[in-house]
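Residue numbers (my numbering): 269 to 308.
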């Protein structure tokens, strides 16, 4: 049976200083979640 895994994007810091999504840093919660996904 085939499987599909879906991952949601990490929690980022919302601030109008950043001009695009790609320049916005992850929030501490997003960094923690990214580390857990990496171990998966």
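The C-beta atom is built at its ideal place from N, Cα and C for all residues, glycine as well.
Since the structure is predicted, the reported quantities are computational estimates derived from the model, not experimental observations.
Using DSSP bridges, identify the partner residues of residue i.
{"i": "residue 294", "result": "280"}
Between the options, which lies nearest to residue i when the distance is taken from Cα to Cα?
{"i": "residue 297", "options": "271, 305, 291", "result": "305"}
{"i": "residue 281", "options": "291, 307, 303", "result": "291"}
Hey, would you say residue i sits closer than 8 Å to residue j, going by beta carbons?
{"i": "residue 270", "j": "residue 301", "result": "no"}
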